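Okay, so here's the structure we're looking at.
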């Protein structure tokens with residue numbers, strides 16, 4: 001996106017197609033607060049402090065997507081070396097819907113691990129939405145798990161995922177993301193490892 005007008009247009013187009021604020025936020029890699037502002041553009045209101053990440057030049061090409069996934073798992077191993085931590089071999093790689101799924105699939109194939117996907121509650125329908133693992137794929141109980149997503153913005157989705165995995169008997173050993181917009185290094189005691197740390201300097 002080259003301008004604010006284009007971003008507003010994209011958000012409104014996705015909204016007109018029936019996407020929820022959280023779904024639009026996922027697709028545009030923005031916070032839900034920013035998407036709400038884009039959709040309403042209330043007079044006198046200041047735009048939330050956010051950073052747009054458009055990595056479609058990479059994500060649209062399977063070979064570059066694979067390269068990105070390989071860099072993510074290498075970054076995990078380098079972080080263990082840097083911190084002097086014991087190697088904890090992953091047994092299940094969990095992709096957070098939607099953008100984390102292809103990255104997690106590629107990492108699982110590279111590492112010869114099991115694979116599953118997590119659907120956060122923001123994607124669930126009904127009066128009482130809840131997150132869930134897709135039962136068609138691997139189980140997490142008694143397994144060392146790596147959680148994968150493209151961008152961490154507010155941290156709500158990865159926090160929900162970590163909590164769900166722990167409550168279902170899994171052992172999350174790391175969270176891997178391409179872009180860290182939150183500036184944190186762990187979620188509920190689980191190391192968060194990113195390829196790119198993004199910080200605003202105001």
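In UniProt numbering, the protein residues as written are 1 to 202.
Note that CB positions come from ideal geometry on N, CA and C, so glycine has one too.
For clarity, every value in this text was computed on a predicted model and none was experimentally measured.
Check                                                                                                                                                                   : Outcome
Going along the chain, which residues of its own chain have a beta-carbon closer than 6 angstroms to the beta-carbon of residue 185, five neighbours each way excluded? : 192
Give the straight-line distance between the Cα atoms of residue 47 and residue 34, rounded to the nearest whole angstrom.                                               : 7 angstroms
Pick out whichever of 187, 141, 5 and 6 has its Cα sitting closest to the Cα of residue 91.                                                                             : 141
Alpha carbon to alpha carbon, how far is residue 123 from residue 77?                                                                                                   : 31 angstroms
Which residue comes first and which comes last in the alpha helix (DSSP H) that contains residue 172?                                                                   : No alpha helix (DSSP H) holds residue 172; the beta strand (DSSP E) holding it covers 171 to 180.
Assuming residue 73 and residue 107 form a contact by the criterion Cβ under 8 angstroms, report the distance between their Cβ atoms to the nearest whole angstrom.     : 5 angstroms
Check whether the Cβ atoms of residue 161 and residue 96 sit closer than 7 angstroms, and answer yes or no.                                                             : yes
What did DSSP end up calling residue 83 once you bin it into helix, strand or coil?                                                                                     : helix
What does a CB cutoff of less than 7 angstroms around residue 98 pick up in its chain, not counting 5 residues either side in sequence?                                 : 26
Residue 151 and residue 181 look like a contact to me (Cβ under 8 angstroms); what is the Cβ gap, rounded to whole Å?                                                   : 6 angstroms
Please give me, in chain order, every unbroken run of the alpha helix (DSSP H) with length at least 4 that falls completely inside the stretch 93 to 130.               : 100 to 111
Would you kindly work out how many angstroms separate the C-alpha atoms of residue 154 and residue 31, rounded to a whole number?                                       : 7 angstroms
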